[in-house]
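Let me begin by presenting the structure, written as structure tokens, before commenting on it.
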Amino acid sequence: MFEAKLIQGAILKKILDAIKDLVNEASWDCSSQGMSLQAMDTSHVSLVAVQMKADGFDKYRCDRSVTLGMNLSSLSKILKCAGNDDTITLKAPDDGDKITLVFEAKNESETSEYEVKLMNLDSEYLGIPDTPYSVNVKMPSHKFQRICRDLQQIGDAVTISCAKDSIRFAAKGDLGSGTVNLCQTASADKPEDSVSISMQEPIIQSFALKYLNHFAKATPLSPQVSLSLSPDVPLVVEYSITDDDGSDFGYIRYYLAPKIDE
Amino acid sequence: MSQKTIAHFFNAR
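What follows is the structure, given as structure tokens:
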């Protein structure tokens, strides 16, 4: 039996909003540690990895590990039926062919129950090496979203370069070009507004903006986003997931293959 | 510039 209850059901709604347009179908791996998912987008250019730790749930029971394969747009449609303040409980029997979602409104006697069909998916898992990166940048997530959205008006790709204590995003296209330069901020009163840059070596790398704009759909999950870059390896865009108390619940990490000169 | 796939960098396990 698998059962996971989340009082702040809005977190699950936000996670689905952040992945449903990138990945059609994926499997949740549920174990005593928590729920995780790894999936490539349909063109296999990017990879998304989600982790929700067991102790972040208000109730979590997983007698034996289960893989819940599902259509993410179906799951997302069902989650749209839950209110932002609802408690969400996921339930799956050990050998069932569906998952049950129960939504409970706060301070009300209303509960609703939905079922989503499960699928057997041939998931291909990729091993992600745990390597140090040349550049790590932490910045406000809404700023990253804005930059990606603005630069996509100019071109299809962004060139990210980092030197000393600044990071530069540049795009060019038929109409002209655009650059956004961000400098490291002094330790601010509001940590969520700060930009911090840690650089081992300068870097310049290009990425498709279409994917970065997909990743930015995770913005409501976290006030800060972390970018990690090294020469000729995929970019990592990470949003940590915290609950209203600020406790660490897990993360969404997106990996994007660079565009390479040949 | 050419777009690589993610599997070009991360091996299947």
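If you read the protein sequences in the order shown, they are chains Z and Y. The working numbering numbers the first residue of the first sequence as 1 and each following residue consecutively. The working numbering numbers the first residue of the second sequence as 263 and each following residue consecutively. Idealized CB from N, CA, C, for every residue including glycine.
Residue i, DSSP secondary structure in three states
i             : result
residue 273/Y : strand
residue 191/Z : helix
residue 140/Z : strand
residue 84/Z  : coil
residue 10/Z  : helix
residue 64/Z  : coil
residue 89/Z  : strand
residue 181/Z : strand
residue 267/Y : coil
residue 169/Z : strand
residue 121/Z : coil
residue 145/Z : helix
residue 213/Z : helix
residue 205/Z : strand
residue 96/Z  : coil
residue 18/Z  : helix
residue 55/Z  : helix
Distance, residue j Cα to residue i Cα
i             : j             : result
residue 250/Z : residue 140/Z : 18 angstroms
residue 90/Z  : residue 70/Z  : 13 angstroms
residue 259/Z : residue 205/Z : 7 angstroms
residue 261/Z : residue 171/Z : 16 angstroms
residue 173/Z : residue 207/Z : 14 angstroms
residue 3/Z   : residue 26/Z  : 19 angstroms
residue 49/Z  : residue 239/Z : 11 angstroms
residue 15/Z  : residue 263/Y : 32 angstroms
residue 76/Z  : residue 42/Z  : 18 angstroms
residue 128/Z : residue 107/Z : 44 angstroms
residue 125/Z : residue 241/Z : 23 angstroms
residue 133/Z : residue 201/Z : 9 angstroms
residue 86/Z  : residue 28/Z  : 22 angstroms
residue 123/Z : residue 38/Z  : 9 angstroms
residue 223/Z : residue 156/Z : 26 angstroms
residue 1/Z   : residue 56/Z  : 19 angstroms
Contacts that residue i makes with chain Y (C-beta to C-beta distance below 9 angstroms)
i             : result
residue 174/Z : By Cβ distance, chain Y contributes nothing, its closest Cβ being about 17 angstroms from residue 174/Z, past 9 angstroms.
residue 261/Z : 263, 264
Within chain Y, the residues that residue i reaches when beta carbons sit closer than 7 angstroms
i             : result
residue 40/Z  : 268
residue 234/Z : 268, 271
Contact list for residue i against chain Y, beta-carbon separation under 8 angstroms
i             : result
residue 252/Z : Chain Y residues near residue 252/Z: none, gap ~16 angstroms exceeds 8 angstroms.
residue 257/Z : 265, 266, 267, 268, 270, 271
residue 47/Z  : 268, 272
residue 206/Z : 263
residue 44/Z  : 267, 268, 269
Sequence-distant residues of the same chain with beta carbon closer than 6 angstroms to residue i, five excluded per side
i             : result
residue 161/Z : 168, 204
residue 73/Z  : 20
residue 199/Z : 135, 162
residue 65/Z  : 31
residue 13/Z  : 79
residue 256/Z : 46, 207, 211, 234, 235
residue 82/Z  : 9, 88, 103
Residues near residue i in its chain [Cβ-Cβ closer than 8 angstroms; skip 5 each side]
i             : result
residue 118/Z : 68, 69, 70, 92, 96, 97, 98, 99
residue 166/Z : 181, 182, 183, 184, 197
Residues near residue i by beta carbon distance below 7 angstroms, same chain, minus five either side
i             : result
residue 152/Z : 209, 213
residue 318/Z : The structure shown does not extend to residue 318/Z, since chain Z is modelled only from 1 through 262, so no value can be given for it.
residue 144/Z : 216, 225
Any non-hydrogen atom of the ligand ADP closer than 7 angstroms to residue i Cβ
i            : result
residue 80/Z : Among the components of this structure there are no ligands whatsoever, and the ligand ADP is therefore not found.
Interface flag, residue i vs chain C, CB-CB below 8 angstroms
i             : result
residue 264/Y : The structure shown contains no chain C; the protein chains it does contain are Z and Y.
Given 8 angstroms as the limit, is there contact between the region 104 to 117 of chain Z and the region 54 to 64 of chain Z, that is, 3 or more CB pairs closer than that? The answer is no - the region 54 to 64 of chain Z does not touch the region 104 to 117 of chain Z, with fewer than three Cβ pairs under 8 angstroms.
Meets three-Cβ-pair contact criterion under 8 angstroms: the region 226 to 236 of chain Z and the region 118 to 137 of chain Z: In short, these stretches touch, since the Cβ pair count reaches three.
With a cut-off of 8 angstroms, do at least 3 Cβ pairs link the region 94 to 103 of chain Z to the region 169 to 187 of chain Z? With the rule of 3 Cβ pairs closer than 8 angstroms, the region 94 to 103 of chain Z does not count as touching the region 169 to 187 of chain Z.
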